[in-house]
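Notes for the one structure printed next.
Numbering (my numbering), first residue to last: 24 to 276.
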């Protein structure tokens, strides 16, 4: 049976200030925990059912993380999601380390993305399309929010993020690289040519889009052409469309 202190500690990590205090975060569910094992994250401990331990005994034997047996009911009581019925891990967060645009890569810039589910989806989409770096505004939701980690489906282990003041970041690091921004009134994305020299792709806030301050750095304003009557696109879906069009032109070699 889990101790009260263990339960209190895990529950505290659902709150940002305690994640920052303890420099730790929660990973829930078999798929995400298994990907965590194969990542560079330091694992503090793992809670798992007997069934999970038996099924993945070989993988677990290769790791030194503390392992504690729990019941399905205990996990469901601890987790944020009712689907978590096999395992939960607590891992150490990484330092907020500067990320630069290098060579012909594209760096994704997120301007005030507030919904954790959207951020998790964007992380997963970026991973799918071979984008390894995401630079986030200071107002963007926390990368280590349990809902972000859950929506990212393991992709959080492969994507690097850097939270910073975007005005300063772009002013100092844009150099001569293009900054492509998604707007409602831009040129058609389907006719736009992405630079083979790489650059930055900016996605804006769910309600307000890209702010005027960040928009001032955008060299190319593009829009996803609307055919039907929908008022807008979810930012996660819009990011996928942007990156898909970029990758059609500039495949990863």
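Backbone N, C-alpha and C define an ideal beta-carbon position, used for all residues, glycine too.
TODO: Starting from residue 50, trace the alpha helix (DSSP H) both ways and give me its first and last residue.
DONE: One-based indexing of the chain shown puts residue 50 at position 27. Here residue 50 belongs to no alpha helix (DSSP H); instead the beta strand (DSSP E) covers 47 to 51.
Task: 8 Å Cβ shell around residue 248 - same chain, five flanking residues per side excluded - done: The residue given as residue 248 occupies position 225 in the chain shown. Hits under 8 Å: 211, 212 and 213.
Task: Secondary structure of residue 114, DSSP reduced to three states - done: Taking the first residue of the chain shown as position 1, residue 114 is located at position 91. In this structure, residue 114 counts as strand in the three-state DSSP scheme.
TODO: Go ahead and pull the three-state DSSP assignment for residue 197.
DONE: What you label residue 197 is simply residue 174 of the chain shown in a count that begins at 1. Coil.
- [ ] Jot down the residue ranges of each uninterrupted beta strand (DSSP E) in the segment 144 to 195, minimum 3 residues, whole runs only, in chain order.
- [x] 156 to 160 and 183 to 187
Open item on the list: Rounding to the nearest angstrom, what Cα-Cα distance links residue 119 and residue 209 in this structure?
Closed with: Locating residue 119 in the chain shown gives position 96, where the first residue counts as 1. Locating residue 209 in the chain shown gives position 186, where the first residue counts as 1. Each residue's Cα considered, the two are about 33 Å apart.
Task: residue 54 burial status per 10 Å Cβ neighbour count (16 or more: buried) - done: Within the chain shown, the letter at position 31 stands for residue 54. Exposed, since its Cβ has fewer than 16 Cβ neighbours within 10 Å.
Task: Beta-carbon spacing of residue 116, residue 48 below 9 Å - done: As a working note, residue 116 is residue 93 in the chain shown. As a working note, residue 48 is residue 25 in the chain shown. Yes, they are a contact pair.
TODO: Say whether chain C places a C-beta atom closer than 9 Å to the C-beta of residue 213.
DONE: In the structure shown, chain C does not exist; there is a single protein chain.
Open item on the list: What does the Cβ neighbour count give for residue 169, buried or exposed, with the cut at 16 atoms within 10 Å?
Closed with: In the chain shown, counting from the first residue as 1, residue 169 sits at position 146. When all chains shown are included, residue 169 counts as buried.
- [ ] Express the C-alpha separation of residue 149 and residue 128 in angstroms, rounding to a whole number.
- [x] In the chain shown, counting from the first residue as 1, residue 128 sits at position 105. In the chain shown, counting from the first residue as 1, residue 149 sits at position 126. Cα-Cα distance, rounded: 12 Å.
Task: beta strand (DSSP E) runs wholly inside the segment 54 to 140, at least 3 long, in chain order - done: 66 to 71, 89 to 92, 110 to 115 and 129 to 133
- [ ] Look at the alpha carbon of residue 222 and the alpha carbon of residue 181, and state the distance between them as a whole number of angstroms.
- [x] Here the question's residue 222 lines up with position 199 in the chain shown. Here the question's residue 181 lines up with position 158 in the chain shown. Roughly 20 Å separates the two Cα atoms.
Task: Collapsed DSSP secondary structure at residue 211 in the structure displayed - done: In the chain shown, counting from the first residue as 1, residue 211 sits at position 188. Three-state DSSP puts residue 211 in a strand.
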